[in-house]
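Asker:
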Amino acid sequence: MERAVSGVRSKRVPGERDKATTVLSMVGLPARGKTYIGRRVARYLSWLGHPTRVFNVGSYRRRQIGASQPADFFAPSNKEGRQVLHDLAMTALDDMLVWLREGGEVGIFDATNSTKERRRLVEERCRKEGLPVVFIESFCNDPGVIEANVRDTKLKSPDYVDMDPDAAAQDFLRRIAHYESMYETLEDPNQSYIKIIDVGRQVILNRIHGYLPARLAPLLIDLHVSPRPIWLTRHGQSDYNRHGRIGGDPELSPAGEEYAKHLAEFVRKNAPRDQEVSVWTSTLRRTIQTATKITRSPRTWRALDEIDAGVCDGMTYDQVRIEMPDVWAARSADKFRYRYPRGESYEDVIQRLDPVIIQLERQRSPTLVIAHQAVLRAIYAYLMDRPPGECPSISVPLHTVIQLTPTAYGCEEKRFALPPNVEDQGAGG
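Numbering (the working numbering), first residue to last: 800 to 1228.
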């Protein structure tokens, strides 16, 4: 049988995903999570296909004048120190504007920007370039949160390498006090800003316009750093897996049913005793069957369904290569953007996974995601901050649990191969 259907590369959805160059300027005292938020926003927007880069003024300071600057260097009374910090901030800002001019889409200016005057200057420079600015402030007065941030992140920074932790903490708290003495929170009704109070307890949106800033609001509301495992696994081996067929809605093979039992045992052994595990599956039978030994009522998401192979659904890769050589060649040339005829591309999969990612960020208890190869590659790319174009090459074997534990600046990864060992035909993605 010959299938003469030419494929297409996926195109951006008109309007909604067109390029909209934007500057996001962080605001906040030290140890309030500005850099954490900036990096998470950059990871999210980059994953969605918007070229994004963080310009961190602290990194400029460490590169140009060294890391070990005492707290008094940051004092308002230290005019020389203040001028150096100002010049470094303007250098970072100028570099960001050049990058945006050369094709970048979202620049994140990561600095304290703690005074109205500094923010006015940022706006003026961006306005000359015709760029809208949205300020993102992390405002927090919770001593427990601040102390945890100091201990867990700041004392591990290059500023305090090989320094006694207690002495480092005292020095950093003095640095914070210097910034507090001149800090002015966001309150100008004419500025565009998102203000996050006490790690999401309250989020204030002021003059937020446009697609990208509005899309950030759900993410910023739900951000937190509560440690919890996120387990990603493909369904157990299916009948289609055994024969190397793409897509479909087959049932589990006997080996797949055995994997479901071992997966349930893994979850029982590794889940914290005081927390309930949320189990998410696609709407396809093979993922729901894999979850049955753990729960009778998993949360099913249509967004977690495998990539739609369109006219290639049910075929083997050899069939596609022989019967549809144009499709095979085009997808081989650009597997990320190539859309199956009457189906989807990896780029399409990422867009439909957006609500899943937002909900995953909201979770505070362990979450097990039982899904499919292409879908899990996209989720993994987000959590591990991998360029979306790398999705098709990410290894997600059958009968393997990928454990990702979010940390302040990324995820810790562990992999667990569970029995039975099966041959992975590579179908489905």
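The beta carbon of each residue, even a glycine, is placed where N, CA and C say it ideally should be.
Can you tell which of L1019, R1120 and R1085 has the C-alpha that lies nearest to the C-alpha of L1159?
Answerer: The candidate whose alpha carbon is nearest that of L1159 is L1019.
Asker: Rounded to the nearest angstrom, what separates R1130 and I1121 at their Cα positions?
Answerer: If I take the Cα positions, the gap works out to 14 angstroms.
Asker: Which runs of the alpha helix (DSSP H) fall wholly inside the stretch 867 to 916 and span at least 4 residues, in chain order?
Answerer: Taking only runs of at least 4 residues, the alpha helix (DSSP H) segments lying wholly in the stretch 867 to 916 are 878 to 900.
Asker: Using only alpha-carbon positions, find the residue among G1113, L1062 and Q1118 that is nearest to T1094.
Answerer: Answer by Cα proximity: L1062.
Asker: Given 8 angstroms as the limit, is there contact between the stretch 1169 to 1183 and the stretch 1137 to 1149, that is, 3 or more CB pairs closer than that?
Answerer: A contact exists between the stretch 1169 to 1183 and the stretch 1137 to 1149.
Asker: What is the residue span of the beta strand (DSSP E) that Y992 lies within?
Answerer: Looking at the DSSP string, the run of the beta strand (DSSP E) that includes Y992 is Y992 to I996.
Asker: Quick check: the Cα distance between R1229 and R926, rounded to an integer number of angstroms?
Answerer: What the structure shows of the chain is the stretch from 800 to 1228, and residue 1229 is not part of that stretch, so it cannot be assessed.
Asker: Spatial neighbours of D1021 within its chain, please: CB distance less than 6 angstroms, with the 5 preceding and 5 following residues excluded, ordered by chain position.
Answerer: Hits under 6 angstroms: E1160 and R1161.
Asker: Taking three-plus beta-carbon pairs below 8 angstroms as touching, is the stretch 951 to 971 in contact with the stretch 837 to 855?
Answerer: Touching, no, given that fewer than three Cβ pairs across the two stretches are closer than 8 angstroms.
Asker: Do the stretch 1027 to 1037 and the stretch 1169 to 1176 meet, that is, are 3 or more Cβ pairs less than 8 angstroms apart?
Answerer: Output reads yes: the stretch 1169 to 1176 touches the stretch 1027 to 1037.
Asker: Taking the beta carbon of V998 as the centre, do at least 16 other beta carbons fall within 10 Å, making it buried, or is it exposed?
Answerer: It counts as buried.
Asker: So, helix, strand or coil for G1209, using DSSP?
Answerer: Strand.
Asker: Write down the C-beta distance between G1046 and E1105 rounded to the nearest angstrom, noting that I regard them as a contact closer than 8 angstroms.
Answerer: With 8 angstroms as the limit, G1046 and E1105 qualify as a contact, their Cβ atoms being about 6 angstroms apart.
Asker: Should E1143 be labelled buried (16 or more other beta-carbon atoms within 10 Å of its own) or exposed?
Answerer: It counts as buried.
Asker: Please list the terminal residues of the continuous beta strand (DSSP E) segment that includes S1077.
Answerer: Here the beta strand (DSSP E) through S1077 covers S1077 to T1080.
Asker: Distance, Cα to Cα, L972 vs A870?
Answerer: C-alpha separation (whole angstroms): 8 angstroms.
Asker: Spatial neighbours of E815 within its chain, please: CB distance less than 8 angstroms, with the 5 preceding and 5 following residues excluded, ordered by chain position.
Answerer: Residue placement at E815 is flagged as unreliable, the pLDDT there being 39, under the threshold of 50; the coordinate-derived value follows with that caveat. Taken in chain order, the residues that qualify are Y1010.
Asker: What residues are listed by DSSP as bridge partners for L1004?
Answerer: According to DSSP, L1004 bridges with I993.
Asker: Between which residues of its own chain and F872 is the CB-CB distance below 6 angstroms, once the five residues before and five after are set aside?
Answerer: Counting only Cβ-Cβ distances below 6 angstroms, and skipping sequence neighbours, we find G880.
Asker: Among P1205, M981 and R924, whose alpha-carbon lies nearest the alpha-carbon of P1026?
Answerer: Minimum Cα distance to P1026 is reached at P1205.
Asker: Please determine, among L1167, P1140, N1005 and V1168, the residue with the shortest C-alpha to C-alpha distance to D987.
Answerer: Here the closest residue by C-alpha is N1005.
Asker: Along the chain, where does the beta strand (DSSP E) containing E983 start, and where does it finish?
Answerer: First-last for E983: undefined, no H or E at that position.
Asker: Please confirm if the stretch 1106 to 1115 is in contact with the stretch 1082 to 1090, defined as three or more CB-CB distances below 8 angstroms between the two stretches.
Answerer: The stretch 1106 to 1115 vs the stretch 1082 to 1090: no contact.
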